[in-house]
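Engineer: Its first residue numbered -10, the sequence shown is counted upward by one per residue in this note's numbering.
Built from N, CA and C at the ideal position, the CB exists for glycine as well.
Encoded as structure tokens, here's the structure I'll be asking about.
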Amino acid sequence: CLRKDISLLGAAALDRANTSDRQAFHIVAATAADRSTIRRASNRYRRDHTASVKQTVISSGAKTGIVVHWDGKLLPSLIGEESVERLSILISGKDVSSSVGNVQLFGVPHLSSGTGVAQANAVVDTLKDWNVDDQVVAMCFDTTAANTGHVRGACTLIEERLGRNLLYLPCRHHILEVVLRDVFKAVHGSSNGPDRFKKQWHQIKQLEFKTGETNGYITAVQKVIDYYMKALKQPQPRDDYIRLMELCVIFLGGTPPRGIRYGKLGPVHHARWMSKALYSLQIFMFQHQFQLTIKEKKLIQTMSLFVALRHLWYLSEESVALALFSDSVSYAEKREILESMKRKNEKKECPKKLEVTEEEIPSLELKNLASTNTNCFFQNTLLNSGFVSKDPSQWNDNPQFLQSREILQELQVVNDVAERAVKLIQDYNSSITKSEDQKQYLLQVVTTHRRQYPNIKKAN
């Protein structure tokens, strides 16, 4: 009947549009469905849909290379005036089904506090509830004290509750935000250059720019450009990522696929770390049209080179094993890593962080990071390491290597998926329903609907 059609086909669309029962009643009033009917149909649909998603995940069987992601946010309570900590929890991996981009949202529950203990308990309880607790091999997280604390941090406590070590994947974006912020502060200090540049942008001749590759500080320019051009062909979650990569290509003397173009200049403040990178590149490229002090010119060059060429390695004795699967690492380097893997480390446990002195950094190579502890990588990820007994030149014909590489290629090392889930609960936290169960069901419905209909067009 018509009412049934509305409940099955319309409930998800109404949820995605953030439509309350009262608003939905006016929208479908012509169908003679009353408000209570709409509420019951929506509640039933959300519950049944979530049960179906969960059953699909559970029944899909064993998965390999599963990474758990989480991220917290303080939000208003569904009832009352106080605020509560919300924690988005997801998994990603090659074998994750019922999802887009090999990612599955589990939920965004509220916690009693934002401590590492509370977060760890929520993560493990959720993994157990979805029956994947024994399949997780890695953790992707923001580098906050609540996560990385040696004793009471969520990472340590999750490992304790699961009874095994996991591979640490601290979010690359989060680390770069902190580094870029500190570099920008050190370079610009109290300079008002970015603000002055924004005011004069409309007077700048945008096709008359100078590239950074003519300064002689950059080596392997074409290799860097090729990397950005390859990345620009891949889907990106945010437009400002695309804009930054395009600007880096222009800065290095290349032309991005969409040609030479610049976006609107945004504000520069502590919360907009991306704008700091964009401003530094553009100020450097147009410095001949924009009045800078001698000190500012030198500092902006330093910042621009840092942005375009930053290549921060997140390596430890364990994670250096990822280099064995990289096409960017030569056979000779891989042989050196394998040789170093025979070198014994005095520490019994695999260190989670890189431990080197400042004096060692300039001469640091991949082989210096490897030891017998590097074998922990294969133990923790449950990957077959039999291929390491053969020469790296033979690996591309080895089934064990190819299978492991396929799994690791889907390894998510950034926590954007958890941040997007936080944004999702922010959008729907104060609307549609005050029931905690229904709120979690709602998030599943909206996530699925967005996947099925990514663009609001008639063709979709």
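On the three-pair Cβ rule with 8 Å, is the region 404 to 417 touching the region 44 to 62?
Structural biologist: The answer is yes - the region 44 to 62 touches the region 404 to 417, with three or more Cβ pairs under 8 Å.
Engineer: If you drop the 5 nearest sequence neighbours on each side, which residues of the same chain put their C-beta closer than 7 Å to that of T137?
Structural biologist: Here residue 137 is taken as the residue at index 148 of the sequence shown, counted from 1. C144, listed in sequence order.
Engineer: Starting from the Cα of A111, find the closest Cα among T132, Q93, A134 and L79 and give me that residue.
Structural biologist: By 1-based counting over the sequence shown, the position of residue 111 is 122. The shortest Cα separation from A111 among T132, Q93, A134 and L79 belongs to L79.
Engineer: Among residues of its own chain, excluding the 5 on either side of A2, which ones have a beta-carbon nearer than 7 Å to its beta-carbon?
Structural biologist: Locating residue 2 in the sequence shown gives position 13, counting from the first residue. H438, listed in sequence order.
Engineer: DSSP on V92, reduced to helix/strand/coil?
Structural biologist: To locate residue 92, count along the sequence shown from 1; it is residue 103. If DSSP states are grouped into helix, strand and coil, V92 belongs with the strands.
Engineer: Between which two residues does the beta strand (DSSP E) harbouring V125 extend?
Structural biologist: Along the sequence shown, read from residue 1 onward, the residue named residue 125 stands at position 136. Segment V125 to F130, the beta strand (DSSP E) holding V125.
Engineer: State buried or exposed for N385, treating a residue as buried only when at least 16 other CB atoms are found within 10 Å of its CB.
Structural biologist: Counted from its first residue, the sequence shown places residue 385 at position 396. Per the 10 Å Cβ criterion, exposed.
Engineer: Can you give me the C-alpha to C-alpha distance between S329 and T363, rounded to a whole angstrom?
Structural biologist: What you label residue 329 is simply residue 340 of the sequence shown in a count that begins at 1. What you label residue 363 is simply residue 374 of the sequence shown in a count that begins at 1. Their Cα atoms are separated by approximately 9 Å.
Engineer: On the premise that F376 lies in contact with F275, defined as a C-beta separation below 8 Å, what is that separation, rounded to the nearest angstrom?
Structural biologist: Position 286 of the sequence shown, counted from the first residue, corresponds to residue 275. Position 387 of the sequence shown, counted from the first residue, corresponds to residue 376. At roughly 51 Å, the Cβ-Cβ gap does not stay under 8 Å, so F275 and F376 are not in contact.
Engineer: Within the present structure, is the beta-carbon of D131 separated from the nearest heavy atom of the ligand PLP by less than 7 Å?
Structural biologist: This structure lacks the ligand PLP, and indeed carries no ligand of any kind.
Engineer: R150 lies in the alpha helix (DSSP H); which residues open and close that run?
Structural biologist: Within the sequence shown, the letter at position 161 stands for residue 150. Segment A143 to L151, the alpha helix (DSSP H) holding R150.
Engineer: If you compare alpha carbons, which of K212, Q415 and T39 is closest to S77?
Structural biologist: Walking along the sequence shown from the start, residue 77 turns up at place 88. Among K212, Q415 and T39, the Cα nearest to that of S77 belongs to Q415.
Engineer: For the region 27 to 40 against the region 104 to 118, do three or more pairs of beta-carbon atoms, one drawn from each stretch, fall closer than 8 Å, so that the two count as touching?
Structural biologist: Touching, no.
Engineer: Please confirm if V238 has its CB atom under 8 Å from at least one CB of chain D.
Structural biologist: The displayed structure is made up of one protein chain only, and chain D is not part of it.
Engineer: By how many angstroms is the C-alpha of T244 removed from the C-alpha of Q211?
Structural biologist: The count along the sequence shown starts at 1 and reaches residue 211 at position 222. The count along the sequence shown starts at 1 and reaches residue 244 at position 255. Going by the C-alpha atoms only, they are around 12 Å apart.
Engineer: Taking buried to mean at least 16 other C-beta atoms within 10 Å of its own C-beta, is Y157 buried or exposed?
Structural biologist: In the sequence shown, residue 157 corresponds to position 168, counting from 1. Label assigned to Y157: buried.
Engineer: If the criterion is Cβ atoms closer than 8 Å, does the pair V454 and L155 meet it?
Structural biologist: The structure shown does not extend to residue 454, since the chain spans only -10 to 449, so no value can be given for it.
Engineer: Buried or exposed: E184, going by 16 or more other Cβ atoms within 10 Å of its Cβ?
Structural biologist: Counting from 1 along the sequence shown, the entry for residue 184 is found at position 195. According to the sequence displayed, residue 184 carries Asp and not Glu. Result: exposed.
Engineer: As a quick exercise: from A310, I193 and R250, pick the residue whose alpha carbon is nearest that of L358.
Structural biologist: Indexing the sequence shown from 1 puts residue 358 at position 369. Checking every option, the nearest Cα to that of L358 belongs to A310.
Engineer: Can you tell me whether DSSP reads W302 as helix, strand or coil?
Structural biologist: As a working note, residue 302 is residue 313 in the sequence shown. Caution applies to W302, whose pLDDT of 42 falls short of 50 and renders its modelled position unreliable; the value that the coordinates give is listed next. Of the three classes helix, strand and coil, the one that applies to W302 here is coil, per DSSP.
Engineer: Quick one: grab the DSSP three-state call for R35.
Structural biologist: For this step, residue 35 is matched to residue 46 along the sequence shown. It is helical.
Engineer: Going by CA-CA distance only, name the one from V92, N418, D215 and S41 that's closest to K52.
Structural biologist: Within the sequence shown, residue 52 is the residue found at index 63, counting from 1. Of the listed residues, the one whose Cα sits closest to K52 is V92.
Engineer: Less than 8 Å between the CB atoms is what I'm expecting for G82 and E399, so what's the real figure, rounded?
Structural biologist: Here the question's residue 82 lines up with position 93 in the sequence shown. Here the question's residue 399 lines up with position 410 in the sequence shown. That pair is a contact at about 6 Å.
Engineer: Would you kindly report the start and end of the unbroken alpha helix (DSSP H) that includes L413?
Structural biologist: By 1-based counting over the sequence shown, the position of residue 413 is 424. From DSSP, the alpha helix (DSSP H) with L413 extends over D405 to Y417.
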